[in-house]
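Residue numbers (our numbering): 8 to 199.
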């Protein structure tokens, strides 16, 4: 079943960034920005957009026996999260749809089918994309509890940060959209 961005429920964090607070010590999420693709009362799913793997997109093309006819083979593949790290996900601009495309917002979709990788290799893929292996997932009420525990800042997503900002700068850039310099926030909690 395909869901579109206009089916958002009140309070949903779909099409938002989760910005890890400096005190978040989970090694999978320390200093990360996660783009939330789905969020409902049943849980949430997102893709970490600022943790690089040592892999380039052309290596995925090679593993899939695809000739690299694109100019995108040198794109760095991100580690999208600890769930199913062997599975590929493509966040991309919305000018086309593929077999398993989930439209998240008017500007951004997520596709996890082979046909988009083939299109990328052939140079006919989306104009803007981020490739990730794995994803981040939360069960019912888990993300809400983590936000209440001040593990995450939330902010509406900015496609420019996803597609045009160096991955090393995405954590600070996402927080700056709130007017916050996360590098100045203490990693220890205090009580007055």
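For each residue, glycine too, the CB sits at the ideal point set by N, CA and C.
Quick caveat: nothing in here was measured; it's all calculated off a predicted structure.
Just verifying my parser: in three-state terms, what is the DSSP assignment at residue i?
i	result
residue 179	helix
residue 70	helix
residue 64	helix
residue 121	helix
residue 20	coil
residue 156	coil
residue 139	strand
residue 191	helix
residue 128	helix
residue 198	Legend: pLDDT at residue 198 = 43, less than 50; position of this residue unreliable, value from coordinates given subsequently. Note: residue 198 maps to coil in three-state DSSP.
residue 78	coil
Judging by CA-CA distance, which residue of the options is the nearest neighbour of residue i?
i	options	result
residue 107	98, 120, 114, 101	120
residue 86	37, 100, 123, 151	37
residue 157	26, 20, 60, 172	26
residue 92	142, 22, 192	142
residue 23	168, 48, 129	168
residue 170	35, 90, 57, 39	57
residue 115	101, 133, 64, 131	101
residue 123	63, 35, 73, 32	73
residue 49	177, 150, 165	150
residue 152	51, 192, 103	51
residue 99	39, 90, 165, 155	165
residue 19	31, 132, 42	42
residue 134	103, 117, 154	103
residue 147	32, 31, 46, 174	46
Tell me, to the nearest whole angstrom, how far the beta carbon of residue i is from that of residue j; I am working on the premise that it is less than 8 Å.
i	j	result
residue 54	residue 139	5 Å
residue 179	residue 190	7 Å
residue 97	residue 136	5 Å
residue 1	residue 78	Past the edges of the chain, shown from 8 to 199, lies residue 1, and the structure says nothing about it.
residue 215	residue 128	Residue 215 cannot be examined here, being either before or after the span of the chain that is shown, 8 to 199.
residue 95	residue 35	Contact flag wrong, Cβ pair sits at about 18 Å.
residue 60	residue 84	5 Å
residue 29	residue 192	5 Å
Does any residue of chain D have a CB that is nearer than 8 Å to the CB of residue i?
i	result
residue 177	Checking the listed chains, one finds no chain D in this structure; it contains a single protein chain.
Spell out a yes or no on whether the segment 63 to 70 and the segment 173 to 192 are touching, meaning 3 or more CB-CB pairs, one atom from each, closer than 8 Å. no
Segments assigned beta strand (DSSP E), at least 3 residues, entirely inside the segment 25 to 55: 40 to 47, 50 to 55
Using 8 Å as the threshold, is the segment 145 to 161 in touch with the segment 102 to 117, meaning 3 or more CB pairs across them? no
Secondary structure, beta strand (DSSP E): runs of 3+ residues fully inside the segment 82 to 120: Runs found: 83 to 86, 90 to 100, 108 to 110, 115 to 118.
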